[in-house]
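Input: a single structure, listed below in structure tokens.
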Amino acid sequence: MSMAGSALATQPQPQSQPAPTATPGRMSRLRRALAERRTRYGLLNAAPVVVYLLILFVYPIFSTLLLSLKGEEGGWTLHWYADAFQGANLEILLTTLRISAETSLLSLVIGFLLANAVTRLKPLWAGLVMLVVIVPHFISALVRTYGWIILLGEHGVVNNVLTDLHIPGAPFQLLYNEIGVVIGTTSVMLPYTVLLLYAVMRAVDRRLLAAAASMGAGRITIFRRVYLPLVAPGLVNAGVLCFILCLGYYLTPALMGGPKQTMVASLIDDQVMKQNQWNGASALGIILLLLTFAGLLLLRLLKSAGEAYRKRGTAS
Amino acid sequence: MIGLRPTLAGRVCLAAFATLILLFLALPIVVIVVTSFGNDAFGSFPPHSWTLGWYKQLFADGSKWPAALALSALVAALTTVFSLILGVTAATALVRSELPLRTAVYGLVLAPLVIPQVVIALGLFLLFEPASMLGSPIAIALGHTVLASPIAVMILMATLKGIDERLEDAAASMGAGRLTVARRITFPLAMPGLVAAAVFSFITSFDEFFVSQFLSSVDTVTLPVQVFNVLQYDVDPSVTAVSALLIAVAVVALALVGVVRRLGGSGRQDGLLPTETTVGLPAGNET
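Chains A and B, in that order, give the protein sequences.
Quick note, the first sequence lines up with residues 53 to 368 if you use the working numbering.
Quick note, the second sequence lines up with residues 354 to 640 if you use the working numbering.
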């Protein structure tokens, strides 16, 4: 390893003042040599992660795609995709979309209210609240789901409290149905939405709101005309990401749902582990992947549309 | 709304509401820790009497938990080593060099965070099954590294960006070689980031379920898979104690990251934890 030369190469820009002895030609050659060295250094360092992910991430997904298109007796077929969109499988697909939509909507609403509350707290309190949001995120989702199972049981804490408060109809059935799944999944997704929204809300210039108020706008008008448009990109971003993450989610629906809350990920697991039906599972996986790409594409399009809109706004 | 005079009623509402949401986040965790010390494992909350029995049962003869714990620890340690190697090189390439197709490389590195885990797990299953590597700790660790390395790369990129490049240049201009610069300047400054990357890689693997589920065999089962199986099929009250242990591991790990940042960081970033980079949010605006 050559020492001084390559260390020099990490300098961002060669000196603007050429040394008096160096001719311009020599200088540019030196500059090019440095740039090449920097590029070589980058390629060398990028190689491990790129090779690793190509072998263990891209190639496996590619082989899943191939398997989903292979017929049972060789040849190519779309038969597995046709299966996925039929009968019970279609129902599971629709359930997945429904539960993901319910969960992302709920996490978005709760996340919005909490993130908004945090922006109004004093820094110390805001830090503590964010700690309570973040720490659970790093605790296994499996464990938190188990916590909800204990809490929501027929004689669990939640039902006991509701019964003591004489809420009519208590105790409720909160487990092994959709309520349980949505509660459990929302608590897993909430840290994402809170963090995404908090970042956007903290960046809102409060003087804009004060300016609107000084010109006589009421609270609701300020919220609707000033605040909401400012945080809207964050809301869309958080909602779509939450939806994408829910689509492939497995643990909570599998443990807290009933037969009517089976999600695609459970179906894939079942087909691989119990029915040895790899082709069908691959097709379902590819469908999930395409839905994810669609969501990411939507985000990209909305972002560029928003930027174009803003640019037109400043130009006029 | 913000920046206006808050009314008293508004404040009370806000506080009550925020408390409720925080309870929503914290209660499932608290309930497990408390129940794990209670005498009636699935029974009432709070428990009537206290015991350490469930913890003792974990290590009783014939218990399946020690083997699962050992496997999880081994896999997590391997994953940490793999993703630190990938993370340091990738972050160096992305932050400290000219890289052709930089955006594409960065996108590839972050992709495992948004691709559904079931798709990754299924792909890895199809890769390792024909090689009859199912149940091998190496295979599980290789799989976990796909999920852990993006997080390590993001943390280390943030760390490298926070280190003043001129310090390295200054050392180099005074005759220090590249290795000396790395050892004497970059490494000490990057220490908190390296610890954070290692810790988050470790917990990612230690808590990972889906990839382990697909890559494990009958005799080799990681801790989360074992917990899941117990919750779904058997009844084993000691699962509460295992869950409490998993919580303890995560909390200790986070505390470690917090302490190292406090000691090692020169107050550049505030906050107790590096939030945005470690939660694994795909930073879409980053190029």
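Yeah, the Cβ is synthetic: ideal placement off N, Cα and C, and Gly gets one too.
Fewer than three Cβ pairs drawn from the segment 528 to 541 of chain B and the segment 163 to 176 of chain A lie within less than 8 angstroms of each other, which leaves the two stretches out of contact. For P577/B, the C-beta contacts it makes with chain A under 8 angstroms involve S192, L194, in order along the chain. Distance check between A333/A and each of V428/B, A369/B, S436/B, L479/B places L479/B closest, using alpha-carbon atoms only.
For a Cβ distance threshold of 9 angstroms, residue set G199, I202 of chain A lies close to T388/B, ordered along the chain. Assigned with DSSP and collapsed to three states, G391/B falls in strand. Put simply, of V184/A, G286/A, A357/A, D322/A the residue whose alpha carbon is nearest the alpha carbon of A371/B is V184/A. The beta-carbon of S115/A is placed less than 8 angstroms from the nearest beta-carbon of chain B. Nearest to R614/B by C-alpha distance, out of L547/B, L375/B, L568/B, is L547/B. Bounds of the alpha helix (DSSP H) holding F481/B are 470 to 481. The contact set of F370/B on chain A, defined by CB atoms closer than 9 angstroms, consists of L165, L166, A169 in chain order.
Beyond the five residues adjoining it in sequence on each side, F275/A comes within less than 8 angstroms, by CB distance, of no other residue in the same chain.
By the Cβ-count criterion, I272/A is exposed, with fewer than 16 other Cβ atoms from all chains shown falling within 10 Å of its own Cβ. Pairing I162/A with I374/B gives a Cβ-Cβ distance under 8 angstroms. DSSP places K417/B outside both helix and strand once states are collapsed to three, so it counts as coil. For K122/A, the beta-bridge partners assigned by DSSP are W128/A. For a Cβ distance threshold of 7 angstroms, nothing in chain A lies close to V548/B: the least Cβ distance comes to about 15 angstroms.
Every alpha helix (DSSP H) stretch that sits fully inside the segment 277 to 333 of chain A and reaches 4 residues is listed by chain position as 280 to 299, 303 to 308, 316 to 325.
Within chain A, the C-beta atoms nearer than 7 angstroms to that of V580/B come from L194, in chain order. For the pair S569/B and Y93/A, the CB atoms are not nearer than the 8 angstroms cut-off. In the DSSP assignment, W407/B is bridged to no other residue. Between T512/B and V101/A, the C-beta gap is not smaller than 8 angstroms, which leaves the two residues out of contact. Residue contact check for I385/B against chain A: a CB pair falls below 8 angstroms.
A distance below 7 angstroms between beta-carbons, with the five flanking residues on each side excluded, links L584/B to the following residues of its chain, in chain order: V592. Scanning the segment 75 to 159 of chain A from its first residue to its last, no whole beta strand (DSSP E) run of 3-plus residues comes out. Under the Cβ criterion of 8 angstroms, L217/A is not counted among the residues facing chain B. Contact between D560/B and S192/A holds: their C-beta atoms lie close to 4 angstroms from each other, under 8 angstroms. In this structure, I385/B and G199/A form a Cβ contact; the two beta carbons are roughly 5 angstroms apart against a cut-off of 8 angstroms. In the DSSP assignment, S565/B falls within the alpha helix (DSSP H) that extends over 563 to 568. DSSP places D572/B outside both helix and strand once states are collapsed to three, so it counts as coil. Taking CB atoms only, Y93/A has a neighbour in chain B less than 8 angstroms away.
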